[in-house]
Amino acid sequence: HGHGYGEFEGEFETAGKFYFTNAVKHFQFDHNGQGGRIHKRPKEADIAACHDWLATEISIIKPSVIICLGASAGRAIWGRKVRLLTERGSLRQTSYCRKTLLTLHPAAILRCQDPGRRQQMLATLKADLHLALSTHESS
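Numbering (our numbering), first residue to last: 119 to 257.
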């Protein structure tokens, strides 16, 4: 797989109830000049507009682990601004779930222009996902 994290293929489907979120169901974008689109960070109003949907979906699924992809998802779940680089990588209790993990958004990795930094970001995401899996398996 070209995205570099194919090692997780099927892992989360068989391990239990994991809920991945980026906090919003829609996105805004800019054109990149090459026929493609660059996703914009959701605004506070976008996150607020999706809050009821997010809370309802989580209450129906009742996940054992929530994985927040990026700072916007962290903001939606924690109800406050989060500092992605200092708060990521550990499981914490939230009002939605006993085990909630904040990690990098895969799109941020794909947009990174520096190959060395991109590999570092991918390794960080993989480590965070392994933490979620191992913690779930040990409970």
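For each residue, glycine too, the CB sits at the ideal point set by N, CA and C.
- In this structure Tyr214 touches Ile195 by the C-beta definition: roughly 6 Å separates them, less than 8 Å.
- Apart from the 5 residues on each side of it in sequence, Leu222 sits with its Cβ closer than 8 Å to the Cβ of Leu187, Gly188, Leu202, Arg206, Met239, Thr242, Leu243 and Asp246 in its chain, given in chain order.
- Its Cα nearest to that of Ala167, the residue Ser190 stands out among Arg216, Ser190 and Thr218.
- Going by DSSP, Leu203 is part of the alpha helix (DSSP H) stretching over Leu202 to Glu205.
- With respect to the C-alpha of Arg193, the residue from Leu228, Glu162 and Ser252 having the closest C-alpha is Glu162.
- Annotation: the continuous beta strand (DSSP E) that includes Leu187 extends over Val183 to Leu187.
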